[in-house]
Each structure stands twice: as C-alpha cells, then as structure tokens.
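Working notes, structure below.
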Amino acid sequence: MKPLLICVLGLLSVSTFALPDSVDWRDQGAVTPVKNQGLLDSPWLFSVTGALEGQNFLKTGQLIALSEQELADCVSVNGTTEDAYKYVIGHGLAADADYPHLDDGSCHRESIASAVTETAYVEVDYDEEVLRRVVAAVGPVAVEVNARAWTTYAGGIFKCRRPVPTNHGALLVGYGNEDGADYWLVKNSWGEEWGEGGYIRVERSIEGDCGITLYATYPVV
C-alpha cells in the first residue's frame, strides 16, 4: 500500500501549487545530457533513468548519469517501466560510469555500488492539468508515447495524428507556449543530432500529444 499512499499524498500536495506559465528542468540543472540508445532497443530504460536522475539531483544536488545497462542486464530489455522501478526499489542503481555497456549479458549488480536508491514510484492521473502540476512541482517525469512519426522530426511543435498505441519511452522535462501554441518539452534518447538538440516539443492537447498523458510516472528517492 505504500506506493498508493505516496501517490495520493503527492497529488494532494501539487494541487495547491501555483502553476507557472512554463517549466524547463534543464534550466535548474536536473537533466543529464541527451543519450543515444543505439542498439539498446529499450527506450523505457532511458525514461526511467532520466526520472531517477532528476529526482536524485533535486534531493542531493548531484546530477549523476545512471546506468541503463544495469537495467537491461538485471531486469531485461523486454521489461517494463514498472519492472525497472521495482528493481531499483530492491537493489538501487549504479552510475553509468561504474556500470557501462559490458556486452556480456550478465548482471553485475553485486560487484558495483549503487549511486541512487528508490522507495516507491507514483503513477500520475490521466489528466493534463495534473500532469502539468506534477512536472512543475515534482520534476522530470517518465512517459510512454507514440513515437512512430518522430523519426522525421527536425524542429517546431509536433502534433501526433494518432496518440495511441504507445510504443516508446521518453522523459517529460517541461512545458511552455510559443505564439499561442501550448507544448510539452520532451527529452528523447536518439542522440543530440535528432530533433531540437535531442528534444521534441509536442502539442499539448489530448488529440495531438502522442499519448504523453496516458501513462506518466516518477520515482520517490
């Protein structure tokens, strides 16, 4: 019941938060540089580590890139966001520098110290305003999206024609408005050469948001 209790209390605490017009957690130093998933075809790994990196920074003041490879080796590349959170709750997670890509398929968690620990994770209600409040008050949030049409994105505010089904994981790091158009600011894991320096701005609407509001989560560290 502990994660559920934290979820309820979390939503109550952000409901009275004065909502700013725009948020960009990069400006606060809570977001690591854009990564490139390469052949590691499990983008949910990067959304979870990104959310953990942000929460760890906000708690400790240290921005540490965390190891997607540990999650791939010790959870499975075919795992889920929930599997990753539950693993970190039980075992912690190493820094990327301490657990880099080893390419042997073995889990090495026993021999490497953890850089971050987690006590629970929160599932955010399927509601645009609640998600905005969570992003503003809590920090970067892991999201699942429909990124099928993202490959050709080169800049601007992107509108999805089909928000479902979701097929990709990404990190929601803020939101804003440009010339009257509301958008979500999302960190991807396809390298800095893609999109706007590795980021995409997605139209903030139920019809065009690529499914961002459907399943959003963040860890409690």
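Numbered by mature numbering (1 follows the signal peptide of the UniProt record, and there is no 0), the letters in the sequence shown go through residues -18 to -1, 1 to 203 in order. Where a beta carbon is used, it is the ideal one built from N, C-alpha and C, also for glycine. The model shown is predicted, which means the values in this text are computed figures rather than measured ones.
So, at 7 Å on beta carbons, what are the nonlocal neighbours of ALA54 in its own chain, with the 5 sequence-adjacent residues on each side left out?
Counted from its first residue, the sequence shown places residue 54 at position 72. LEU22, SER24, LEU27.
If ILE94 sits next to ASP80, beta carbons under 8 Å apart, how far is it from one beta carbon to the other, in whole angstroms?
To locate residue 94, count along the sequence shown from 1; it is residue 112. To locate residue 80, count along the sequence shown from 1; it is residue 98. Right, the Cβ-Cβ distance comes to about 5 Å (below 8 Å), so this counts as a contact.
Length of the line joining the Cα atoms of GLU189 and LEU75:
Within the sequence shown, numbered from 1, the residue matching residue 189 stands at position 207. Within the sequence shown, numbered from 1, the residue matching residue 75 stands at position 93. Their Cα atoms are separated by approximately 36 Å.
Through-space distance from GLU92 to ARG186, alpha-carbon basis:
On the sequence shown, residue 186 is found 204 positions in, with the first residue counted as 1. On the sequence shown, residue 92 is found 110 positions in, with the first residue counted as 1. For ARG186 and GLU92, the distance between alpha carbons rounds to 43 Å.
Is the distance from the Cβ of SER29 to the Cβ of THR63 below 8 Å?
Along the sequence shown, one-based indexing puts residue 29 at 47. Along the sequence shown, one-based indexing puts residue 63 at 81. Contact: yes.
Excluding the 5 residues flanking HIS90 on each side, which residues of the same chain have their C-beta closer than 6 Å to its C-beta?
Taking the first residue of the sequence shown as position 1, residue 90 is located at position 108. Closer than 6 Å at the Cβ level, and outside the excluded window around HIS90, lies no residue.
Would you mind sorting TYR69 into buried or exposed? The rule is 16 or more other CB atoms within 10 Å of its CB.
As a position in the sequence shown, residue 69 is number 87, starting the count at 1. By the 10 Å Cβ count, TYR69 comes out buried.
Using the C-alpha atoms, what's the distance from ALA(-1) back to HIS150?
Taking the sequence shown and counting its residues from 1, the one referred to as residue 150 is at position 168. Taking the sequence shown and counting its residues from 1, the one referred to as residue -1 is at position 18. In a straight line, the C-alpha of HIS150 is about 31 Å away from that of ALA(-1).
What does PRO201 pair with, by DSSP beta-bridge criteria?
Residue 201 sits at position 219 when you count from the first residue of the sequence shown. In the DSSP output, where bridge partners are listed per residue, PRO201 has TYR103.
Considering only their Cβ atoms, is the gap separating ALA131 from TYR200 smaller than 8 Å?
Taking the sequence shown and counting its residues from 1, the one referred to as residue 200 is at position 218. Taking the sequence shown and counting its residues from 1, the one referred to as residue 131 is at position 149. Contact: no.
As an exercise, report each continuous alpha helix (DSSP H) stretch of at least 4 residues that is fully enclosed by the segment 29 to 68, in chain order.
50 to 56
Taking 8 Å as the limit between beta carbons, can you name the residues of its chain near LEU34, skipping five residues before and five after?
Within the sequence shown, the letter at position 52 stands for residue 34. Correct list, in chain order: LEU48, VAL70, LEU75, VAL98, GLU100, PRO201, VAL203.
Measuring straight from C-alpha to C-alpha, what distance separates VAL120 and HIS83?
Counting from one through the sequence shown, the residue named residue 120 turns up at place 138. Counting from one through the sequence shown, the residue named residue 83 turns up at place 101. So the two alpha carbons sit approximately 30 Å from each other.
Can you give the Cα-Cα distance for THR134 and GLY177, rounded to whole angstroms?
The residue labelled residue 134 in the question sits at position 152 within the sequence shown. The residue labelled residue 177 in the question sits at position 195 within the sequence shown. Whole-angstrom Cα-Cα distance: 8 Å.
Assumed close pair GLY158, TYR165 - CB separation to whole angstroms, cut-off 8 Å
Counting from one through the sequence shown, the residue named residue 158 turns up at place 176. Counting from one through the sequence shown, the residue named residue 165 turns up at place 183. That belief holds up - the Cβ atoms of GLY158 and TYR165 are roughly 6 Å apart, short of 8 Å.
Residue burial classification, TYR108 (beta-carbon count within 10 angstroms, cutoff 16)
In the sequence shown, counting from the first residue as 1, residue 108 sits at position 126. So TYR108 counts as exposed.
Would VAL16 and VAL117 be called neighbours here (beta carbons separated by less than 8 Å)?
In the sequence shown, residue 16 corresponds to position 34, counting from 1. In the sequence shown, residue 117 corresponds to position 135, counting from 1. No; because the gap between Cβ atoms is not below 8 Å, this pair is not in contact.
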